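S.K.: Those protein sequences? They're chains R and Z, same order as listed.
Under my numbering, read the first sequence as residues -10 to 181, first letter to last.
Under my numbering, read the second sequence as residues -10 to 181, first letter to last.
Idealized CB from N, CA, C, for every residue including glycine.
Predicted, not measured: the structure shown is a model, and the values here were computed from it.
Right, I'll just put the structure down here and ask away after.
There are 2 protein chains.
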Amino acid sequence: MYEALFQYIETRSGLRLTDDERSIIESKFIPKRLLKRQYFLQEGDVCKKIAFIVKGAARMFSIDDKGHEHIVRFGLESWWLGDHESFNLLTPSRYHIEVLEDTDLLVITTVHAHELRDEVRAFDLTVKAMDRQLSVATQKRIHAAISMTAEERYDDLVNTYPQFLQRFPQSMIASYLGISPETLSRMRRKMT
Amino acid sequence: MYEALFQYIETRSGLRLTDDERSIIESKFIPKRLLKRQYFLQEGDVCKKIAFIVKGAARMFSIDDKGHEHIVRFGLESWWLGDHESFNLLTPSRYHIEVLEDTDLLVITTVHAHELRDEVRAFDLTVKAMDRQLSVATQKRIHAAISMTAEERYDDLVNTYPQFLQRFPQSMIASYLGISPETLSRMRRKMT
DNA sequence: CCCGGATAATGACATAAGTTAAAAAATCAA
DNA sequence: TTGATTTTTTAACTTATGTCATTATCCGGG
């Protein structure tokens, strides 16, 4: 269960974890299994935990006043779940986080995460690497949103995250791209 | 010149800087003045430096194959300039960073920034706080892009960054919102 | 294997936003 | 101040995308 996380930390940090450090990590992360359609976070709650996905899939989305869902982020194996905005500002979240398959998580609280960054250098380096990676990915997504047509954004997604097409239904891909499912369906027909 | 930066670090980190630390910081940041329309970074260059804006304004933008400019980010006093993607991945930047007024910067290299994070704890905390703030802001912007109409996005900008309307021409605001200047002009008329 | 619910595709139409071109207004420099 | 340049506004038209309704397809459970 924890093996995937150790692997992840070693790869990201470029450091080898000692047995001691592994125990520390095990003591701070709690395993949790969610069944398909269960929620990790609901709108209005403050996000006080983040989770490493060992196995499974999830989405983070909002619901607007017309009842439409907007997917801000997907999660798959070795990704993290949590609402950065709520987590960092301690404000009620505007989002839901729902797992789309039966999913195994390793959950850690804010406090434990801070402690762990101080106690295990590899973890601190990992978080820094994640922050960098996230800032790259989000900047790309913003650029895509303001400068590309829906078709170009879809192309981009197919190239960047081909696994999304296998794991998520088309209507959710459309929501992630910020277009209606009908538009995505038409685009796909035209492209083949 | 450095006073604004010291202030910024003390506020963000919640720590007081010693005279020693101030000297270290001064030794790593180089002051630089750019005149209106000069570039801090050009497309194709690798971004190896970031800069703190002491006084002035800037924009980071790309140019697509139709010659249209797309503004990804603005910069004002106490903000930072640099392309995260190029900076973190060491790839050639897809963006230009241009100052829009005569601008005073404090510039630091990647290497010096890393050293400084190790040597001055307040600086490390500041960078962490900045990363958090950035992840909040970018998540918000992504959500806005996929879930709001152009009009709602403009409203949001007016509330979140009212100073933008004073400092940047309307055509650049439109570019930042991902709409044509004509559309923004029409929206504004309708709203009054 | 068939049924029923979910997901995707399609068509007709409505609306939002882009494009092009021209005029009006604002800004800047001599 | 004035003339030149840039920015903004406006209008007519095109294109992209959304909406609503309907049909087709897929898929899992009996």
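Is there a C-beta anywhere in chain Z that falls below 8 Å from the one on A40(R)?
M.R.: A40(R) does not count as touching chain Z.
S.K.: Going by DSSP, what residues sit across from T98(Z) in a beta bridge?
M.R.: K38(Z).
S.K.: So if I threshold CB-CB distances at 7 Å, which residues from the stretch 128 to 146 of chain R count as touching chain Z?
M.R.: Under the 7 Å Cβ criterion, the stretch 128 to 146 of chain R contributes Q128, K129, R130, I131, H132, A134, I135, S136.
S.K.: Between the Cα of E15(R) and those of F63(R), I131(R), A(-7)(R), spot the shortest distance and give me the residue it belongs to.
M.R.: Answer by Cα proximity: A(-7)(R).
S.K.: Are the CB atoms of D72(R) and Y84(R) nearer to each other than 8 Å?
M.R.: Against a cut-off of 8 Å, the Cβ pair of Y84(R) and D72(R) comes out as a contact.
S.K.: Are S67(Z) and H59(Z) close, meaning C-beta to C-beta below 8 Å?
M.R.: Contact flag unset, no.
S.K.: Using DSSP with H/G/I as helix, E/B as strand and the rest coil, what is Y28(R)?
M.R.: Strand, per DSSP.
S.K.: With respect to the alpha helix (DSSP H) encompassing M(-10)(Z), which residues constitute its N-terminal and C-terminal limits?
M.R.: Careful: M(-10)(Z) lies outside any alpha helix (DSSP H) and carries neither H nor E.
S.K.: Taking contact to mean at least 3 C-beta pairs separated by less than 8 Å, is the stretch 74 to 82 of chain R in contact with the stretch 125 to 132 of chain Z?
M.R.: With the cut-off at 8 Å, the stretch 74 to 82 of chain R and the stretch 125 to 132 of chain Z touch.
S.K.: Restricting to Cα atoms, I'd like to know which of S124(R), F157(R), F29(R) is closest to F63(R).
M.R.: With distances taken between Cα atoms, F63(R) lies closest to F157(R).
S.K.: Is any beta-carbon of chain Z found at less than 8 Å from that of E74(R)?
M.R.: Closer than 8 Å: yes.
S.K.: Buried or exposed, going by whether 16 or more other CB atoms sit within 10 Å of the CB of H57(R)?
M.R.: Classification for H57(R): exposed.
S.K.: Can you confirm whether the stretch 1 to 18 of chain R touches the stretch 106 to 116 of chain R when touching is taken to mean that 3 or more C-beta pairs between the two stretches lie within less than 8 Å?
M.R.: Short answer: they touch.
S.K.: May I ask you to report which of helix, strand or coil DSSP gives T149(Z)?
M.R.: Helix, per DSSP.
S.K.: Would you check if the stretch 30 to 41 of chain R and the stretch 97 to 106 of chain R touch, i.e. whether three or more CB-CB distances between them fall below 8 Å?
M.R.: Flag = yes, the stretch 97 to 106 of chain R and the stretch 30 to 41 of chain R touch.
S.K.: Quick one: which chain R residues come within Cβ less than 8 Å of V61(Z)?
M.R.: Neighbours of V61(Z) on chain R, chain order: Q128, I131, H132, I135.
S.K.: At a CB-CB cut-off below 8 Å, which residues of chain Z make contact with N77(R)?
M.R.: Within 8 Å Cβ-Cβ: R121, Q122, S124, V125.
S.K.: From P81(R) to L30(R), what does the alpha carbon distance come to, in whole angstroms?
M.R.: Approximately 10 Å, taken between the alpha carbons.
S.K.: Could you tell me the distance, in whole angstroms, from the CA atom of V35(Z) to the CA atom of L79(Z)?
M.R.: Computed Cα separation, rounded: 6 Å.
S.K.: Going residue by residue through the stretch 69 to 96 of chain Z, where are the continuous beta strand (DSSP E) segments of at least 3 residues, counting only ones entirely within it?
M.R.: DSSP runs (the beta strand (DSSP E)) wholly in the stretch 69 to 96 of chain Z: 85 to 88.
S.K.: Specify the secondary structure class of F21(R) as computed by DSSP and reduced to three states.
M.R.: A small fix is needed here, since residue 21(R) is Lys in this sequence, not Phe. Of the three classes helix, strand and coil, the one that applies to K21(R) here is strand, per DSSP.
S.K.: Check whether chain R comes within 8 Å of G167(Z), counting only Cβ atoms and requiring the distance to be less than that.
M.R.: Taking Cβ atoms only, chain R reaches closer than 8 Å to G167(Z), which makes this a yes.
S.K.: Counting only C-beta atoms, is S51(Z) closer than 8 Å to chain R at any point?
M.R.: Yes - at least one Cβ of chain R is within 8 Å of the one on S51(Z).
S.K.: On the CB-based measure, 16 or more other CB atoms within 10 Å of its CB, does M(-10)(R) come out buried or exposed?
M.R.: So M(-10)(R) counts as exposed.
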